[in-house]
Every structure is written in C-alpha cells, then in structure tokens.
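A.B. asks:
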Amino acid sequence: MTNNQSTKGLSRIDGRLKVTGAARYSAEFAPAGMVYGVLVGSTITKGTIKSIDSKAAERAPGVLSVITHQNCPRIAGYQVEPGKKEPEKGTYKLFYNNKILFNGQPIAIVIADTFERALYAASLVKAQYNAAEHNTRLIDQKHEAFAPEGDGTSKRGEADAWKTAPFKLEQEYIIPSEVHSPMELHAIIAKWDAADRLTVWTKTQGVQDTRDGIASIFKLPRENIQVNSKFVGGAFGSALQVWPHEVAAIVAAKLVKRPVKLVLGRADMFTSVGYRPHTWQKIGIGATADGKLVGITHEAIGQTSAYEDFNEGPIGVSRATYACANVNTLYKLSALDIGSPTWMRGPGEATGAFALESALDELSYQLNIDPVELRIINHADTDPESGKPFSSKYLKEAYKLGADAIGWSDRKTKPGATAQNGWLVGYGMGGGMFGAYRDKAAARVVMKDDGTLLIQTAVSDIGPGTGTMIVTIASEEMGLPAEKIKFDLGDSSLPLAPSQGGSGTTATVGSAVYQACTDLKENFQKLAGNGGTDKPDYAAILKRNNLQKLEVTSTTNGGPERDKYAMYAWSVHFVKVLVHPATGVVKIDKAVCVADCGHVVSPKTARSQLIGGAIGGIGMALMEEVVIDHRYGRLVNNNFADYHVPVNADIPQIEAIFVNKPDPYINPMGAKGMAEIALIGMAPAVANAVYNATGKRVRELPITPDKLLGKDGAMES
Amino acid sequence: MKPFQYTKAVTQQSAIEAIAKPGVKIIAGGTNLVDLMKRGVTAPDKLVDINNLPLKSISLDKAGQLHIGALALNSTVSESPLVLEQQPLLAMALKAGASPQLRNMATVGGNMMQRTRCAYFYDTTMPCNKRQPGSGCGALEGYNRMHAIFGTSNKCIAVHPSDMCVALAALGAEVTVSSRKGSRVIPFTDFHRLPGDHPEKDNTLADGELITGVVISNNKFAKNSYYLKIRDRQSYAFALVSVAAALEINNGTIKEARLAMGGVAHKPWRLYDAEKALAGKPANEESFNQAAQIAMQGAKGYQFNSFKLKLAPAAITEALKHAAGIA
Amino acid sequence: MEDERAHILPEADSGTSENSRRNFLKQSTLLTAIALTPATAVKAAEAHVDEKIAGAFEKMPVKLEVNGINHSLSVEPRATLLDILREQLDLTGTKKGCDHGQCGACTVHVDGRRVNSCLTLGVMVNGKKITTIEGLAKGDELHPMQEAFIKHDGFQCGYCTPGQIMSAVACIREGHANSEMEIREYMSGNICRCGAYPNIVNAIQEVKEGGFKV
C-alpha cells in the first residue's frame, strides 16, 4: 500500500524545522542595519547603454544608493591583467561596462531602507540604449552553430551505419528551454565584517564553491569569506555558481556600509539563474529484423549565450546506453542573445534521452517488437564506450519490476486500441542513465560524553534529505539511534565538501562520514583496550578516560576502482496515460519509476526523490516551455501563471521501486546517486505513452493539447 | 509599487463619493489589482477598500431570482447551497477558476473587473493598446497562443480571463450598479465589451459606478448544465478555451439552450446562433456537433492560436454532451 | 474590483512620488470615507515639509493578531501581509515564492480562511486574526498535519511546506478532503517543485481519516 511505502525509513532529521516554519532560508536572516537591494533589468536584448537616469530613484524616500556601471567600483577579479586583451568570451561581468548582452541583464541596483521603497525606486531608474540587432531564435541560427571546446564529435565503429539497416528511421526531436523554478527565490544577504572580510547567507548548492567563487571575483583570501546556506529551498542546478545578483549585493553592501539583502523576483528567476537549453536533435537509428541495433547517429545543437559556451553533451546517452557497435555523434552550440544556460536536473542526459528513447520507441513499432524487449535485446553487458565491466548493473531486473507494476501486459501494440470512459489509454516507457561519481570530501565526527554524536561537513542539502542520509549512515556505523546524532552542514568553515550536484552527494560525502565513523570507532576501540566491542558504550569510555569528547576528521576520495569499472546509475519509467480524443487533454493515470542505484541508504527520502524527479519529467513532457518573443528578445511567460509546472491535480500516486542491490565497488555503502536518473527518461516515457494512446508522435516538447489536435482537428479514436 | 493613500469605505454612499474622483480605484479582494500594481501596470493614487460594505449576501427572491452581492467571495458562492441547487453551472465555473486561496479572496464584482492576462498587457516595456492606448498591440504579430478568435480588432486580441463570467453570460445574468446618478441594471452580456478602437475599456461601467451585485433569473437549467475548461494543466491555469453549457431538455428534446465560451474573446462569448440551432433538436451528439460548427462561424485564428479553431468546437460538443448526461 | 477611469491615468513613472502624494492628499475627501492617515502627517503634507516627515506619513497604524499575539504596527499601505510578516515581525515561516498569487507558498489563514498573503495588503487585514505556520503547533506538540507531513515525507526542500500545511489544514476544515481526487484539486493552489504531491495527499488523507481535530 502506498501509504505504508511512504512511511518506511528514517524521517527527515530536519522535518520538524521545516513543518514549523523554523527552518531559515537565505533571505531569512536579519543582521543589524540590514537594507534592501533591488535590481533593474535591461529592456533591450543587445546593444549598449547610452545613459542611465537614476536621479528620481536617488531622490525617492529611503533610497541609500543606486549603483550602475557608471559608478560601480572596480571589481578586482573582473579586471584584465595589464598587457592582456579582454577575452572574447567568459562569465558575464556585472556593471562592468555599457554592453547589453541579454534582455533583463542587471543594469543597476537600488538600495533602500525597506523592500517596498527599494522596489519602487528601482522602477524609477530609466536607461537610454543604443539597440543592436539581436537573435534569440535557435532554429534560425542552426547554420551558425559551432563545435564546443572538447568533444563536438565522436565515432565508434562506422559512421551512419544505421542507414545500412533493414529497419531504420531518422527523426528530429526538440526540447524547449526549461527553467529550474525552485520554490525559493534566489536570495543573498551580504555583510562586510571588515574591509576585507565578508559573510554571506546565500542560496547555493555548495557553500565552499560559492566561497571560492566570491574569493576569485573580489580577489579576497578565501578564509576571509564565510558562506552560510543551511536550508536551500530547491535549486535543481540553478545554484551551482556565483551569479551576478550575488555580486551586486556584495558590492552594494560595501558601498552603503550596511548588510544588504537581495531577493530575486520570480521574473528574474527566468533570466538570471540559468535554464535548460533549448536543443534541437536528430537521430538516425537502424536495426536488424530481430531488433539488434546496427547503428545510431545522434546530432544535437544546443543553445548557449553570446558570451559564454555551455556544453552539456546531450549526445552522450547514445554512446553509453545500449550495445551498438556503430555510433557517431555531432554536437554543436548556437550562440544566442540570452543569458547563459546552466546545469538543470539530468543535464544533457535528460535532453538526449528524450531523443534516443523516443527514437527507440518509434523503431519498436517498425520492428513490431515490444519496447521493453527491444531494450533487453540491446542491453549493454559491458560499457559500450570503454569495454569495461560495469561496477554493477541490474537494469534487466528493473525492466521487469516496472513492467509488472504498471501492468505492461495490458498494453496493446496498436496505437489507439484501448479506451476507458471515452479516454484513449496508452502505455509508454523510457530509460535513464547517469554517471555515478565520487569526489573528495571530508567529515568531522565528534563523540561527546553525553553519548551524542556531532557530524560536520560543508555539504548543502537542496532538498533530497542529505542530513537524513548522513545520519542513517552514521547511525548504522556507530550503532547509535538517530536521535543521538546531530548533523551540521551548509557552512563554508566546515570540512571539505563539493557542491551538491551530479547525484554525487551520497557517494562523496556519505563515504567521508562513513570513514570518519569507522575511524572514530577504531579510536574508541583502542581507548577501550581489549574489552572493545562492536557497539561500545561511547559515553562510558570517554568518562573512564576523563575525556569530554573524541573527534576525528577523515578525508576520502574515489580510488582506482574507477579505472577498472564503468559506473552508472540506471532508471526506467513506465507511464499509463489517458488522452481525451476530442480535446487533446493528457492525464497521467499511473506511473512507475524504477531505480537501479545500488544500496538505498535512506529509503524514505530516496523514494520521495525518485517520485519528485519523475514529476519534474512530467512537467518537461507536458507543460514546461520558456517562450520568447523574438522581436523583442524578451520572455512572455516569465511567471508561474504562464510557465506551467505540475500542480497536485496533475499527479497521481507514483510507485517508486528500487532494485536496491549494493554496488560492490563504488563506495563502502554500495550506493549510487539517483537525483538525475529520477527525471531522465520520464519525458520520453510520457511521449511514448501518448503515441501508444493516439498514434500521434510528438517530437517537440511539451505535449500540450494543441499538439494532439493536429492539422485535421480532433484526432481519430 | 507607487505609494498610494488607502481608505476604507463604511457605506455604499461614501464609497461612491470616493470613487467619483480621478486616480481612485476600488479594492475588494485585490487578487488582480494588487498584482497589476506590483507590476506597474496600474498605479492609483488612492485605494478605497469596500470590503466593509454590506454586499455579501446570496439570496433567492419570490420570483426565483438569485441575487448575489458584489462582495460575495468566489469560494462562498461556489459552495452556497442556494447556488448549487439553483445555478450549479455558476458554481462549477467558479471552482474551475484560480486556486482555493484566490477564490477565498476574490469577489464576484472583482472577478468581473479582472483584466486580461495577455503578456503584452502585463509587461510595461512592451506595446499594448489596452495598457497604453496608441502604443500598438504586441500580441497581434507576437506570441498569441492564448488569444482571441472572436470579435478581435486590429488594436487588441486579448481575452477576458474569467470563468465565472462565462457562466453568468450563459445564464443571462444582470449586473446591478450604483453611482451618484442612481442605480441601473446592465445585462451581463453587455457588461464586457469588444476591443474595437478602445481596448483600454474592458467594460461598459461608467465613471464613478460601483458594482453592487448580479441577479440570475429563474431558469430550468440546473439539471443539465456543465462547465468545461480546457487548459495546459489540470488545475490553476487559465483556459485555452472553456464552455458553459446549459440545457433545458424535455423528453430528449432540447427546449432551450445556453452556450458561452471563455478564452476566445475580449468578453465572455455568448453563442446565440448555436443556441437557436439547438432549440427543438434532440439532445444527441449530432445536434451538438452541428451547433458547434455554427458556433464557429466568424472565428479567426492567429499565428499561434489557430488550434482553437479545432479545440473550441470539440469543447462545445464535449460540454453539451456532459450537460445532457451523454458524455 | 477596478475602476475604469484609471486607464486614463499617467503611467506610474510620471511625476515624483512626493508631489503626487501631496496632491492627492489635498484632493481627497476625508469626510466621505474613514481616512486612516494620521492627522499629523496630513498637516505635514499640507505644509510642504521635507521628506523625512513625508516618510512618516506614508505609514498607517495597523493592528494584527498574529498567532494569538497582538501587534500594533505602522505600515505603508503598499506593504503586503507577506512582507509585513517576514520583514517586520520576523515570522519567516510564511514564504515568498512568486509574490504574485501564482504559487501558494505564502498561504496563511485570515480569520480562518486560507489566502495568499502576497496579494493581501496589510492595511486591509487591520483588526483581523492571522494564523501562520508558526502558530499551528501548541508549544512542542505539533499539529496533526505537521506530524503527518513528517511521517509521509510531504516535502523535500521544505520551502513550499508552510504554505502546503496551511492549505492542507484549510482543505480539511473546508470539507474538501473527501477523496484523493478532491484533495488533489483543492491542493492545486500550492506548487511544490520538488514533487512531493503524492506524499502530501497521503498526509492529508491520514489526518482526515484519523479524525484528528484540525
């Protein structure tokens, strides 16, 4: 029963703080004397600022300062070394010169004593521009695309071998730009403690990376910067770098000599903190009559900004997912006059999987082979790219678990063959994969004489339940109940941890905590002498030795196992949709998500994470799309009324299943990350189900009702 | 938001006096007005809060007419036993709109007064004849997926976003208004207007007039009515198209039909010809399809909203089938 | 409700705020409506005194009972209940997710009714009872809905959670928690980007079926 399933495992250790409103996020601190900053965005897309009139704003009640490129102090890290030329491309520099590179680019920050006053004064800042011709349209710009640095092309076996296959197809697949849209707005409070010492509370997926980023922009010693981010209201990739608004608040705080709080508006969240790039893809795929893949050719052109190259490699999935001797890929970027894209949940793979998993589905109909069976036929027993064995892979088991749970046997191969109360029924599936990484991290564990354990690392928890996972590991390793364990995070002064991203936190930080606990236990065993047991009475040993506490800091890193094995986590999503034949309305009736991600450390939070990722995938499939009016280069749906993300009514109960078999090599817990695979493969699963229901293949997301009405009006049932 | 003065009116008379001055706006639920003020689309000098006025009641008179005060909350109306029994179409439409929280704030009068959700109207850097007469229409050759297919002008193709109003238009309600000059009654279908050369005017309310309520006359539609809303997600979204369908059926024959659409015009779009065509016909899919085709006469699509030319008739048929109980 | 005449008004940026404020203060008919502007401020405006006093008269006295505690505040009419709670009363449990009534993170109860505090002007709830997430538990004893959200893991990042819980409590009180479908519809005014919806529904169903007093 779903209810039981959802309550199994340790509840979130910070749950009480979150349900009582006591958890404080970045904008929710109030250092003495704090004032408010509000950004002013450019209203043109490309060109230069002719002049900025900030007099009315400066005169408005409560305004302390207006900062623009005209009066912004030199930011040390922005300056080009003497004798060197300004690089052609690079991270956008705030208030650096009069150039406008994208619509909504910050051209000023207004600082006032209250939020209302700052916001109103910001509306009084008026700029004159010299507008230049801009381009924001990916599809028009395809011919201008260029290869990114690194791997634009690749070839395994013969290029374009799919063309020689008896069964083949070539199709184009398009995903629009999507925005992360975490519920918490990006926010920072910047406070200078001395001329060269800074404290910030900011929304970040990595306090130490943010610290280092700020250090490099302001040329400060990193030990002079304290970054706090204990609670993060979602991010999904949008908080992996220091953004211009953070620089603005830091500069403003310096100038007005007061702590400055800056919270982005929801509209800014669409233009100022990255997005998943609009991407065009083409897949050529061919197979023999018995379903063996002959070749895959995967081309992609992704959007980037005019000033910075963003390379997320969506073509990688075609190289790594299935056993296929001949795979060639081509990846290019198209530079548009829009802010830079960034990593968004399942970066690259989510985009690539939409094309590959849709194409495989199309091929399955040509071959008349069940889509699950087709994937099993082409199952990669070893890494197709390197030939290395997988550290672990139970994908075939995942297919079976998912197919059984959704009732795959009810699926009719012929599209539109099943109806239910006037709605067409369709089943679809899609797979996901993502590299299982492990980086360097450290953890400090402190056993106190009251028998409680304190764990400290600088990791962030953007929502998955990192603390709950850490406490579970420590609880099992130390033989302590969870209530006796405290976890401290989101503070840049704590032991080393990388940013939370790429599904690496459990493997990376979890391993450090595991090691620190192991080391601490060993120390206790030494202290206890011969009488040491596996579950010692820590408090008693400390007291016997006249110690108040015993602490250990351990650092761990991935080892040589990575050279021997290919490491991936896998997912497979099954979806049953209902499509209304006359109006094109699609409802998700049932969804089953299966993850093969090694041992599941924290079952309750992992289950939620798998469901949550799937819901992100449903949004991607059915409704999410950034729309730009290319005449102006300006977004026309930069709000939650027009940019739709799923609401409760869109989402049925989703069954989350874990294969839950430990990986013997990746880390001591045998766990792989699963944040990305939770989403990757969901969108094609939905699209494939819609095809099965209707016979309409939608190759450009999202699948809104209009796309199912087609040229001839209502679809045939 | 520009600073403004705020006062609370204690009597209808004082409210009417207050709004007789320029630069003054009435605030009730504020769900749309506060949003527009935050975005700088509108910037009143003064707000007159009318929430204390006694305009909240819902009652049935001896003639069977349902009276709903202008300040009755959308949620209250949608849950009212009287409304559910007498005019369930109205309750259905209300429940299809916004969110439970917004319905707890929004009033009947405010719902009628809400402005379009057109992106060009909302973004003060873009052209919009409705917001700034003479600045042009951004949507005409812009992103017009949500826009009108009926009754447009070359000045404006925006749609009225309300669900409630679609039901009230179908039900032939009347709007009661008061001003210094006294009171008058406006047929609901005449309350909102088409854009023509003056898209800045959403409705026919005169300067200084205050909406006091709506009246729905007695009818026999309660048994066979339905509100269908097609949108990009299952809830909390504006309509691509919506249909309010009300039928009086005698022994399988339609005696009288009422049809109105949302998401297709600058005002709730009443489908008179389709209604006439349905009268006397059997309540079956064939009649409904015919009516839907008639309803679409004169419709015109734009670059991104031509799908509505197909979606709208499909939605009309579907809504009628639901109303007739044959869906 | 909006008045048609406003469309002939100049755009927001015309004229300085001080001048227009003085003008409308002079024009306003204080007799026909209760003007809550303090008398001293009106005098200051008429005397064309400097901005420091102008700042004071932008504010109005407001009394709020928040979670059972009375507050006498001085607020600008344009300050929303959300910003008053977060910035003036340090009740940061109520969240700002969109500031435009499009996400539900700011949901609070005003006189027992769930509303979006981001679209509620503080001056409009003068004298009313406000309940925020901080007022739901009784001391250390969590509200059954809070317990159920923890048990069913009805959240991840936690940012939409206060709004979800305030909505969930109202959903049951309103009588809209009678089926999974009804709960899903009546919880659709609260967006959760982490995707905790099924767990939220389970939490609400448990509280509803458990017969807890909400």
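Residue numbers (the working numbering), protein chains in the order written: chain V, 2 to 718; chain B, 253 to 579; chain D, 559 to 772.
Backbone N, C-alpha and C define an ideal beta-carbon position, used for all residues, glycine too.
Source: prediction; values computed, not measured.
According to the Cβ coordinates, are G42(V) and A132(V) closer than 8 Å?
C.D. replies: No, Cβ-Cβ distance for G42(V) and A132(V) is not below 8 Å.
A.B. asks: Which of the three DSSP states is assigned to K262(V) in this structure?
C.D. replies: Strand.
A.B. asks: Can you tell me where the beta strand (DSSP E) with P413(B) in it begins and where it stops?
C.D. replies: Per DSSP, P413(B) belongs to no beta strand (DSSP E) and is neither H nor E.
A.B. asks: Please name the residue, chosen from Y479(B), R436(B), T456(B), that lies closest to G465(B) on a Cα-to-Cα basis.
C.D. replies: It is R436(B).
A.B. asks: How many angstroms separate the CA atom of A188(V) from the CA atom of D194(V)?
C.D. replies: If I take the Cα positions, the gap works out to 19 Å.
A.B. asks: Using a Cβ cut-off of 7 Å, pull out every chain D residue sitting near F256(B), in sequence order please.
C.D. replies: Per Cβ cutoff of 7 Å: P635, R636.
A.B. asks: Short of 6 Å in beta carbon distance, which residues of its chain neighbour I438(B), apart from the five on each side in sequence? Order them along the chain.
C.D. replies: Correct list, in chain order: V427.
A.B. asks: Which residue or residues does DSSP assign as beta-bridge partners of Q457(V)?
C.D. replies: DSSP output for Q457(V) lists R445(V), D489(V) as bridge partner(s).
A.B. asks: Any Cβ of chain B within less than 8 Å of the Cβ of Q763(D)?
C.D. replies: Not an interface residue.
A.B. asks: Looking at chain V, is there any beta carbon in it that lies within less than 8 Å of the beta carbon of F713(D)?
C.D. replies: Yes, because at least one Cβ of chain V sits closer than 8 Å to the Cβ of F713(D).
A.B. asks: Run down chain D in chain order and give the residues with a C-beta less than 8 Å from the C-beta of P183(V).
C.D. replies: C715, Y717, R751, listed in chain order.
A.B. asks: If you draw a straight line from the alpha carbon of E604(D) to that of A322(B), how long is it in whole angstroms?
C.D. replies: With a pLDDT of only 41 at E604(D), under 50, the local geometry of the prediction cannot be trusted, and no value is derived from it.
A.B. asks: Quick one: which unbroken alpha helix (DSSP H) runs of 4-plus residues sit fully inside the region 194-231 of chain V? Chain order, please.
C.D. replies: You should have 208-219.
A.B. asks: According to the Cβ coordinates, are V262(B) and N304(B) closer than 8 Å?
C.D. replies: Result yes, Cβ atoms of V262(B) and N304(B) sit closer than 8 Å.
A.B. asks: Below 8 Å between beta carbons: does that hold for L359(B) and A324(B)?
C.D. replies: Checking the sequence shown, residue 359(B) turns out to be Thr, not Leu. Closer than 8 Å, so yes.
A.B. asks: Do the region 666-685 of chain V and the region 588-605 of chain V meet, that is, are 3 or more Cβ pairs less than 8 Å apart?
C.D. replies: Contact holds: three or more Cβ-Cβ distances are below 8 Å.
A.B. asks: Considering H667(D), what are the terminal residues of the alpha helix (DSSP H) in which it resides?
C.D. replies: Counting along the chain, H667(D) falls outside any alpha helix (DSSP H), though it belongs to the beta strand (DSSP E) covering 665-668.
A.B. asks: Locate the beta strand (DSSP E) running through I297(V), then write down its first and last residues.
C.D. replies: Element bounds for I297(V): 294-306.
A.B. asks: Alpha carbon to alpha carbon, what distance is there between I658(V) and Y644(V)?
C.D. replies: Approximately 30 Å, taken between the alpha carbons.
A.B. asks: Span of the alpha helix (DSSP H) holding T676(D)?
C.D. replies: It should be pointed out that residue 676(D) corresponds to Cys in this sequence rather than to Thr. Run containing C676(D): none; DSSP gives neither H nor E here.
A.B. asks: What residues match up with Y478(B) in a beta bridge as DSSP calls it?
C.D. replies: For Y478(B), which the question treats as bridged, DSSP gives the partners A497(B).
A.B. asks: Identify the contact partners of N638(V) in chain B, using a Cβ-Cβ distance below 7 Å as the criterion.
C.D. replies: Within 7 Å Cβ-Cβ: A371.
A.B. asks: Please classify S609(V) as buried or exposed, where buried requires at least 16 neighbouring CB atoms within 10 angstroms.
C.D. replies: So S609(V) ends up on the buried side.
A.B. asks: For I758(D), count neighbouring C-beta atoms within 10 Å of its own C-beta (all shown protein chains included) and say buried if the count is 16 or more, exposed if not.
C.D. replies: I758(D) is buried by the Cβ-count criterion.
A.B. asks: Find out if the Cβ-Cβ distance for the pair L341(B), S469(B) is shorter than 8 Å.
C.D. replies: No, the pair does not count as a contact, with Cβ atoms beyond the cut-off.
A.B. asks: Mind listing the chain B neighbours of V681(D)? Cutoff is C-beta to C-beta under 9 Å, in chain order.
C.D. replies: Simply Y258, K260, L299, D301.
A.B. asks: Closest by CA to T343(V), which one among I316(V), Q304(V), F355(V)?
C.D. replies: The candidate whose alpha carbon is nearest that of T343(V) is Q304(V).
A.B. asks: Determine the chain B residues that contact N625(D) at a beta-carbon separation under 8 Å, and present them in chain order.
C.D. replies: Going along chain B, no residue has its Cβ under 8 Å from N625(D), so there is no contact; the nearest lies around 19 Å.
A.B. asks: By the criterion of Cβ-Cβ separation under 8 Å, what are the contact partners of T690(D) in chain V?
C.D. replies: Per Cβ cutoff of 8 Å: G22.
A.B. asks: Can you give the Cα-Cα distance for V276(B) and L423(B), rounded to whole angstroms?
C.D. replies: Approximately 32 Å between the Cα atoms of the pair.
A.B. asks: Please return the same chain residues whose Cβ sits closer than 8 Å to the Cβ of E764(D), not counting the five positions on each side in sequence.
C.D. replies: Counting only Cβ-Cβ distances below 8 Å, and skipping sequence neighbours, we find A706, K709, H710.
A.B. asks: Are at least three pairs of beta-carbons, each pair with one atom in the region 118-125 of chain V and one in the region 28-43 of chain V, less than 8 Å apart?
C.D. replies: Yes, since at least three Cβ pairs between the region 118-125 of chain V and the region 28-43 of chain V fall closer than 8 Å, the two stretches touch.
A.B. asks: How many Å lie between G685(D) and T352(V) at the Cα?
C.D. replies: Answer to the nearest angstrom: the Cα atoms are 53 Å apart.
A.B. asks: Tell me, which residues are paired with S311(B) by DSSP?
C.D. replies: For S311(B), which the question treats as bridged, DSSP gives the partners H319(B).
A.B. asks: Please report the distance separating the alpha-carbon of T203(V) from that of E29(V).
C.D. replies: Each residue's alpha carbon lies about 10 Å from the other.
A.B. asks: Suppose you measure from the CA of S430(B) to the CA of A650(V); what does that come to, to the nearest Å?
C.D. replies: Near 40 Å, if we compare the C-alpha coordinates of A650(V) and S430(B).
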